[in-house]
Amino acid sequence: MTVLASPRPASWSPSSIEEEPTPKRRRRTGWAHFVLVPVALLFAIPFVQMFLTSLTPESEINRFPPRFFPSELTLDGYVKLFRDTNVLLWTGNTVLVSLVAVVSHLALCSLAGYGFARLKFPGRSAGFLMILATIMIPTQLLMVPTYVMFARVGIIDTLAAAMVPWLASVFGIFLMRQFFLSLPAELEEAALLDGCSRWTTFWRIILPLARPALATLAIFTLLSSWNDLVWPLIAINDPSAFTLQLGITNFQGARRTDWSLLMASNVVATLPLILFFVFAQKQFIATMTFTGVKG
0 MTVLASPRPA SWSPSSIEEE PTPKRRRRTG WAHFVLVPVA LLFAIPFVQM
50 FLTSLTPESE INRFPPRFFP SELTLDGYVK LFRDTNVLLW TGNTVLVSLV
100 AVVSHLALCS LAGYGFARLK FPGRSAGFLM ILATIMIPTQ LLMVPTYVMF
150 ARVGIIDTLA AAMVPWLASV FGIFLMRQFF LSLPAELEEA ALLDGCSRWT
200 TFWRIILPLA RPALATLAIF TLLSSWNDLV WPLIAINDPS AFTLQLGITN
250 FQGARRTDWS LLMASNVVAT LPLILFFVFA QKQFIATMTF TGVKG
């Protein structure tokens, strides 16, 4: 059978050709969905229970045996959350910390990753290995010297103490470097021959191609910075500088816990992450697909 040739894109590889689905392949896909759907529902149960608990009256929360579905729904937990706490201030602080973390990660990690991937300078490989080796240092080992350094600078008990550790990360540099290495060097060579500077080539040609990797880095950075608790718990004692996770910890006491208030605050803390992932999942999947193609 004769197959008409068509122009191949730059990222073409034999594995990128989609085979026509066959009945056998459809059956395999059907069985995969048959297994994955119950697993997905199983993972969704804690989130559903968290949401239902936030709407459960306080008289039913501690009832034994517990009920999955409450007999009546109430918004008392959300009313107390927005009336009696500074959840809006904490949410604003968390958004600010996460925004600074995402923007600085995208800027600094992409520049560092591109430098280690494309620029030739003495000690490039040794320097990258030294940076990569810091992953093996436990985070707990760095907390005391980091606290002492921040205290000397004078940013303890301020929102800057939660921002500075998220300006860049070894994982972000490694991810961007590996992505830039997968791009063909001919693109940059052609741009340099046309008179573009190194910065123009990076900004107008390389960075737009790195959108899937940048989206993935943004997702991981947002998840980590949004849910960070241990370091803010150590470095911040001023209630006006509390992040959302740090403020939520005050709702859980040693003698009594207001579960409706606690679950309502967890819903408020989780909802922005879910919405962000819904909007960014296409770019995230595109990165996973790109890194799996060999050619």
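In numbering that gives the first Met the number 0, the protein residues as written are 0 to 294. Where is the CB? At the ideal position from N, CA and C, for every residue including glycine. Only a predicted model underlies this, so the values are computations on that prediction, with no experimental measurement involved.
- Y146 and E187 have their C-alpha atoms some 43 Å from each other.
- Burial check for V78: the Cβ neighbour count within 10 Å stays below 16, so the residue is exposed.
- Here the alpha carbons of G246 and L88 stand approximately 10 Å from one another.
- For the pair Q244 and D156, the Cα-to-Cα distance works out to about 16 Å.
- Within the region 127 to 156, the complete alpha helix (DSSP H) segments at least 4 residues long are 138 to 152, listed from N- to C-terminus.
- Per DSSP, the beta bridge partners of T256 are Q251.
- From the listed residues S181, L141, R176, the smallest Cα separation to L216 is found for R176.
- In terms of Cβ geometry, T73 and P56 form a close pair [threshold 7 Å].
- Rounded to whole angstroms, the Cβ separation of T220 and A100 is 5 Å, and the two are in contact under 8 Å.
- For the set P207, R197, I233, A161, the Cα lying nearest the Cα of S223 is the one of A161.
- Contact between N61 and T242 is ruled out by a C-beta separation of about 29 Å, above the 8 Å threshold.
- For L260, the CB contacts under 7 Å within the same chain, skipping 5 residues up- and downstream, are G76, K79, L80, F250 in chain order.
- With respect to G112, F170 sits apart: the two C-beta atoms are not nearer than 7 Å.
- Using a 10 angstroms sphere on the CB of M262, the tally of other CB atoms reaches 16 or more, which defines it as buried.
- For R82, the uninterrupted alpha helix (DSSP H) segment begins and ends at 75 to 83.
- For a cut-off of 8 Å, the C-beta gap from V152 to S264 is around 31 Å, too long to register as a contact.
- In this structure, L166 keeps its C-beta atom at 7 Å or more from the C-beta atom of S109.
- Rounded to whole angstroms, the gap between the alpha carbons of F201 and E59 is 59 Å.
- A direct Cα-to-Cα measurement between I130 and L51 gives close to 45 Å.
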